[in-house]
Each structure stands twice: as structure tokens, then as C-alpha cells.
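Q: Here it is: the structure, laid out below.
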Amino acid sequence: MIEQELADGPNELKDLVDTKITLQKLTGELPISGEGITLTLKDASYIPSKDHANQYIVHDRHIHQTVNELFSAGAKAIAINGQRIYRNSYISCIGPVVSVDGTAYPAPFVVSAIGDQDILDVSLNLKNGVIDMLVQDNIEVTIEKKSKIEMHAKDM
Amino acid sequence: MKNVFTKHKLMIGLVCLLIGFMVATLFNTNKQPDSRDTRDTWEIRTALQEEQKVQQNLYQEIAEAEKTLIEYQEQTEHQQIISLKESIQELREKAGLTEIVGKGMIITIEPIFLNEELQEYPSINAELLQLFINELNASGANEIAIGNQRIINISPIRDVNGKVYVNNSSIGNLPTDIHIITKDIEKFRDYIEVSEINDYFALENVTISIREQEKVVLPKYDGAINLQEVHVGDIPEVGES
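Protein chains in written order, with my numbering: chain A, 38 to 193; chain B, -8 to 232.
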């Protein structure tokens, strides 16, 4: 990358280029990767026939809560089923699928977050935290630590 | 003597056999017919068209990259610094790190009192606020600030000890102002007015009032941005081809 070459030049230029790259990482103009964790939210596989199925499936609020918990634990970037979310993203429940910025995804929902694995893991597993809440709502949750999570750049 | 002669013959025979095999294999590999292309004209044409589109996209990308390259090369160091600063400023605006003024509205979330003696002071929780922000985004809000906390790409909304925290600081008790900048105010207003969110607010004994404003000022995000552990990925941008 030409910016990288320029960065080898004088110091002021290097600082500016670094700032620019950081901002591009934040705004999603560059593809990013890093260590982090992924959560898989799955509808309950067993539904007692007397209960309504609605109590056993993943809703948008579950995803909202997971995403916000991850951000408060210092996640640097979050993607849902591979689609990175930004400040003006919206997630909504449409029947059996969850739509992220208008693109629909079926279950299972995979929330991946780039950030410090241990901090993210601990904050999710707090007593009465997000995981406890999801389990209480009959959702099957799996957490996986990944050494490399990749996210695409934003489509311009 | 006779024994040696037959051994000799046997050797020649073996070598000939080997050569024969090799020639046969060579012929076989050379003569192997190409796998038949069974696509009809239409399919080939579609495939060709797709490839051409990809090619066109690639040309375009090359042209853009070359333009940037030439710009960089032509500029002196001083100019480079200036243009870098410009693009950084643009990015800061995009990221929400600058104060921004624009046309939009202020939504106030305020308590309603039905029975002042018996009722507790109403409050909202993070879940409701998350849902509300989500609704605002779905209806086309461009920039949002809750209280004096600007919402950026990594802003969390979370309950901490019964208080709602945005960007890791409390938004305090109701009433709370939400400042919004949006392009299409009419559409936005219609969307919010019929949204289910109003019912959810009513359940918590709160209500929202919308005030349109010519000039809404959104504060800048003042937290630190640390993306040291995030690396620039090597995956190419996904282009629609």
C-alpha cells in the first residue's frame, strides 16, 4: 500500500498516516482482522408442545443486548453473520429471520467481536449477565475464542 | 555361454518393454480429448458477460488506484501532508469525532404521571433505549446523540446499577433529550409516530415528544479510540460484480 510507503518517510507524515488508518479501521473503510470471540445463538432444539414456539427463538432484543454488552466490554468491531455493524445499523426480527441493515439472515446467528478475548469472555459470563439471560430465554449459546476474525470493508 | 546370451536377450527385451510402455503412456496423455464443453450459446454468453463485468470492475479499480498513485507522486511532501490532513478531517467527521450541526429534530423522552401519589418516578432501561435507537436507525437517522453522548460505531448502551449508561457514562434521570440529524424529516416523523416503540414507552409510563429544528448541534465523541490490536485485513473489498 502506498500509504504504508509514505509512512516510512518523515515522522509527521507517519503520524498522520497512522491516524488515517486508525480512522479508516473505525469507519469501516478498510477490511480489518484481529483476535476475538464468536457467539452462536441458536433457537432451542426442543420445544415442549404445550408452549408457544415464540418463547424458544432468538429475537432482535437478544442480539441488541449481546452487541451492547460486547461494546461495553471494549469490543473494537462487531459483525453479525459476517456483516459488520455500524452506529446507524438496525437489526430487526422479521418472522423467523433477523435482518441486519435490510439483509436477512436465518438462525443460527453468529455474533463475532474483535477485542480482548478474556475481557469479552468474562463480561459475557457475568452472573445474571448476557449468557445467563439468553439461557433463561431458552436459547442455545456457544462461545468460541478465535485467534483471527476477519471483517470486510464497508460497501461504498 | 548360452546362459549369458539369454540373460542379454532378456535385458534387451525388458528395456524394449519399458520403452513401449512409456511411448504408450505418452500417446495416451497426448491424445486425451479435452473435456467437452456442453454449455449452449446462451450460457456461454452469460458467462462471458459476467467475466466482462469483472474485467470492467478491475479496470475501474486500477484506474482509481493509479489516480491516487499519481496524485501522491506528484505532490510534494508539504502537499501530501495537507491532503492527508484533509482526508483525516473527513474521516473524523464520518466517525463522529467532531461536533456537527445540521437539520433534524430533538426527541425528548419524558415521564407521564397518571397518579402522582402512588406512582414511582418513571425511568427507562437500556433494552428500551437500544430498541429506540434501532428504530431511529431503521427510520433513517444519520447522526444521533443521547444527552451529550454522541453515538459512534462502538457506542454501548448498558444498564449499570439501575441507570442507563451510554458510552460508559450515565445519561441521568428523565427527561432525556435525543438529538438527531436526518435528511428526510417527514419520513422520519411518520415512521416514529406509528412505531410500536410508543407502546413500549407507554408501558414504562414515559412518552416522547418530537420537535423539528432547523439547527441541531450534536456534540463530538470524546472518548479514546484505541484500535491497536485491530489489524488491517488482507481480504479484498467485496465488489458487486
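Using N, Cα and C, we set each Cβ at its ideal position, and we do this for glycine too.
Quick one: what does DSSP say I72 of chain B is sitting in, helix, strand or coil?
A: Here residue 72 of chain B refers to the residue found at position 81 of the second sequence. The answer is helix: DSSP assigns I72 of chain B an H, G or I state.
Q: Could you give the distance in angstroms between the alpha-carbon of Y142 of chain A and the alpha-carbon of L157 of chain A?
A: What you label residue 142 of chain A is simply residue 105 of the first sequence in a count that begins at 1. What you label residue 157 of chain A is simply residue 120 of the first sequence in a count that begins at 1. Each residue's alpha carbon lies about 24 Å from the other.
Q: Hey, is K85 of chain B's beta-carbon within less than 8 Å of any beta-carbon in chain A?
A: The sequence position of residue 85 of chain B within the second sequence is 94, counting from 1. It does; some Cβ of chain A falls within 8 Å.
Q: Might you give, ordered along the chain, the residues of its own chain that have their beta carbon closer than 8 Å to the beta carbon of L53 of chain A, omitting 5 neighbours on each side?
A: Your numbering for residue 53 of chain A matches position 16 in the first sequence. Nothing meets the Cβ criterion.
Q: Taking the alpha-carbon of N125 of chain B as reference, which of B:L5, B:E187, B:T(-3), B:L39 has the nearest alpha-carbon?
A: Taking the second sequence and counting its residues from 1, one reaches residue 125 of chain B at position 134. The option with the nearest alpha carbon to N125 of chain B is B:E187.
Q: Let's test the definition: count the other Cβ atoms within 10 Å of the Cβ of G139 of chain A and tell me whether it reaches 16, buried, or not, exposed.
A: As a position in the first sequence, residue 139 of chain A is number 102, starting the count at 1. Exposed, because fewer than 16 other Cβ atoms sit within 10 Å of the Cβ of G139 of chain A.
Q: Whose C-beta lies closer than 7 Å to the C-beta of G230 of chain B among residues of the same chain, with five residues either side of it excluded?
A: Mapped onto the second sequence, residue 230 of chain B falls at position 239. Annotation note: pLDDT 44 at G230 of chain B (below 50); position unreliable, coordinate value reported separately. Excluding sequence neighbours, G230 of chain B sits near N48.
Q: Evaluate the contact criterion for the region 114 to 130 of chain B versus the region 142 to 153 of chain B: three or more CB pairs, one atom per stretch, below 8 Å.
A: Touching, per the Cβ criterion.
Q: Could you tell me the boundaries of the beta strand (DSSP E) in which H170 of chain B lies?
A: By one-based count along the second sequence, residue 170 of chain B stands at place 179. Per DSSP, H170 of chain B belongs to the beta strand (DSSP E) from 167 to 173.
Q: Since I74 of chain A and E187 of chain A should fall inside the 8 Å C-beta cutoff, what is the C-beta to C-beta distance between them, to a whole number of angstroms?
A: Residue mapping note: residue 74 of chain A aligns to position 37 of the first sequence, counting from 1. Residue mapping note: residue 187 of chain A aligns to position 150 of the first sequence, counting from 1. 14 Å between Cβ atoms; not a contact.
Q: Chain A beta carbons: is any one of them nearer than 8 Å to that of G153 of chain B?
A: Position 162 of the second sequence holds residue 153 of chain B. Not closer than 8 Å to any Cβ of chain A, the Cβ of G153 of chain B fails to qualify, so no.
Q: In chain order, which continuous runs of the beta strand (DSSP E) of length 3 or greater are located wholly inside the region 130 to 204 of chain B?
A: Fully enclosed beta strand (DSSP E) runs of 3 or longer: 132 to 137, 148 to 151, 154 to 157, 167 to 173.
Q: Does the separation of the CB atoms of H99 of chain A and D174 of chain A fall below 8 Å?
A: Counting from one through the first sequence, the residue named residue 99 of chain A turns up at place 62. Counting from one through the first sequence, the residue named residue 174 of chain A turns up at place 137. Yes, Cβ-Cβ distance for H99 of chain A and D174 of chain A is below 8 Å.
Q: Here's a check: name, in chain order, each residue in its chain whose Cβ is nearer than 7 Å to the Cβ of D153 of chain A, leaving out the five neighbours to either side.
A: Within the first sequence, the letter at position 116 stands for residue 153 of chain A. Within the same chain, D153 of chain A has close Cβ partners G111.
Q: Would you kindly work out how many angstroms separate the C-alpha atoms of I168 of chain A and Y123 of chain A, rounded to a whole number?
A: Walking along the first sequence from the start, residue 168 of chain A turns up at place 131. Walking along the first sequence from the start, residue 123 of chain A turns up at place 86. For I168 of chain A and Y123 of chain A, the distance between alpha carbons rounds to 23 Å.
Q: Given a cut-off of 8 Å, decide if V207 of chain B and I69 of chain A are closer than it, judged by their beta-carbon atoms.
A: Here the question's residue 69 of chain A lines up with position 32 in the first sequence. Here the question's residue 207 of chain B lines up with position 216 in the second sequence. Cβ distance not < 8 Å, so I69 of chain A and V207 of chain B don't count as in contact.
Q: Is F123 of chain B helix, strand or coil by DSSP?
A: The residue labelled residue 123 of chain B in the question sits at position 132 within the second sequence. In this structure, F123 of chain B counts as helix in the three-state DSSP scheme.
Q: So Y127 of chain A is in the alpha helix (DSSP H); what residue range does that whole segment cover?
A: Mapped onto the first sequence, residue 127 of chain A falls at position 90. Segment: none, Y127 of chain A is in no alpha helix (DSSP H) and carries neither H nor E.
Q: Per DSSP, what kind of secondary structure is L171 of chain A in: helix, strand or coil?
A: What you label residue 171 of chain A is simply residue 134 of the first sequence in a count that begins at 1. It is helical.
Q: Taking any Cβ of chain A, which residues in the region 138 to 152 of chain B have a Cβ under 8 Å from it, in chain order?
A: So the list reads I142, I143, N144, I145, S146, P147, I148, R149, given in the order they occur along the chain.
Q: Does the CB of Q121 of chain B have a neighbour CB from chain A at under 8 Å?
A: Position 130 of the second sequence, counted from the start, is the residue given in the question as residue 121 of chain B. Closer than 8 Å: yes.
Q: Indicate whether the contact test is met: 3 or more Cβ pairs, each with one atom in the region 173 to 183 of chain B and one in the region 89 to 102 of chain B, closer than 8 Å.
A: Touching, yes, given that three or more Cβ pairs across the two stretches are closer than 8 Å.
Q: Which term fits N217 of chain B, buried or exposed, when burial requires 16 or more other beta carbons within 10 angstroms of its beta carbon?
A: One-based indexing of the second sequence puts residue 217 of chain B at position 226. Exposed, since its Cβ has fewer than 16 Cβ neighbours within 10 Å.
Q: Cα-Cα, which of A:L63, A:G71, A:K51 is closest to K185 of chain A?
A: Along the first sequence, read from residue 1 onward, the residue named residue 185 of chain A stands at position 148. Among A:L63, A:G71, A:K51, the Cα nearest to that of K185 of chain A is on A:G71.
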